[in-house]
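Trainee: Sharing a structure below in structure tokens format, with a few things to ask.
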């Protein structure tokens, strides 16, 4: 029920003219500028984990590096900003791309943006090769990714002296320890999605077999699938190999 149905029409009052100043003739009364409104970038900017190993521009995070390499392979000019704070991304993950138009794209959206708006993407021509490329990317993102994550987060020496330093070294103690512990648990849960237990030798053996398969597929060609220029599959495989060797 509404007040009018319960009590009848509510009375209205007219303010005398001497109190007109109390009436809200304009609303809002005043508009203030936005607080801490970020400046629009003057260049397309990729926000990543960085700097990379040995202070290189290449990110130490393989997901960031894949987008870095893909943009470079496509000939797109962009700036790199080492932010190391995934919470700053709308998706909660790095990398993300901030364009001069004001749009923000996560990794999958960045690839779509390149394809749909820039028309500079490098693609494999044959449909058969495209399907094989998807299969090889899936193989890499399962087997090589598992070995890379295990090496980074589960090998005690790598974890304590390299991984934690790069991902959480900028965060004060003890918060960095808590975040590192949480991240390690996330990695364990990810690795257990397709196996019952983590067996170090099996994970590395699967990665070795994957590397051998990639080597056979590439042969003496410069790029995969006899392409005359690097494509997305090259960006993915290169990024994993670079991260493993680094």
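Residue numbers (this note's numbering): 493 to 738. Even glycine gets a Cβ: it sits at the ideal position worked out from N, Cα and C. All values derive from a computational prediction rather than experimental measurement.
Which first and last residues belong to the alpha helix (DSSP H) in which residue 683 is found?
Mentor: From DSSP, the alpha helix (DSSP H) with residue 683 extends over 667 to 683.
Trainee: In this structure, does DSSP put residue 539 in helix, strand or coil?
Mentor: Three-state result, residue 539: strand.
Trainee: Restricting to Cα atoms, I'd like to know which of 607, 579, 658, 696 is closest to residue 632.
Mentor: Cα-wise, what sits closest to residue 632 is 696.
Trainee: With DSSP collapsed to three states, give me the class of residue 574.
Mentor: Looking at residue 574 - three-state DSSP - the assignment turns out to be strand.
Trainee: Is it the case that the stretch 725 to 734 contacts the stretch 708 to 717, given that we only count it when at least three CB pairs across the two stretches are under 8 Å?
Mentor: Result yes; three or more Cβ-Cβ pairs closer than 8 Å.
Trainee: Would residue 554 and residue 735 be called neighbours here (beta carbons separated by less than 7 Å)?
Mentor: For residue 554 and residue 735, yes; Cβs fall inside 7 Å.
Trainee: Can you give me the start and stop residues for the alpha helix (DSSP H) that residue 715 sits inside?
Mentor: No alpha helix (DSSP H) contains residue 715, which DSSP labels as neither H nor E.
Trainee: Give me, in chain order, the residues of the same chain whose beta-carbon lies closer than 8 Å to that of residue 676; leave out the 5 immediate sequence neighbours on both sides.
Mentor: The residues are 645, 646, 651.
Trainee: Nearest to residue 566 by CA position, among 686, 576, 609, is which residue?
Mentor: Among 686, 576, 609, the Cα nearest to that of residue 566 belongs to 609.
Trainee: Beta carbon of residue 645: closer than 6 Å to some heavy atom of the ligand GDP?
Mentor: By its list of ligands, the structure shown contains no ligand whatsoever, and the ligand GDP lies outside what it can speak to.
Trainee: Return the CA-CA distance between residue 543 and residue 649, expressed in angstroms with no decimal places.
Mentor: About 21 Å.
Trainee: Quick one: what does DSSP say residue 595 is sitting in, helix, strand or coil?
Mentor: Coil, per DSSP.
Trainee: Out of 552, 586, 541, which has the shortest C-alpha to C-alpha gap to residue 730?
Mentor: When each option's Cα is compared against that of residue 730, the closest is 552.
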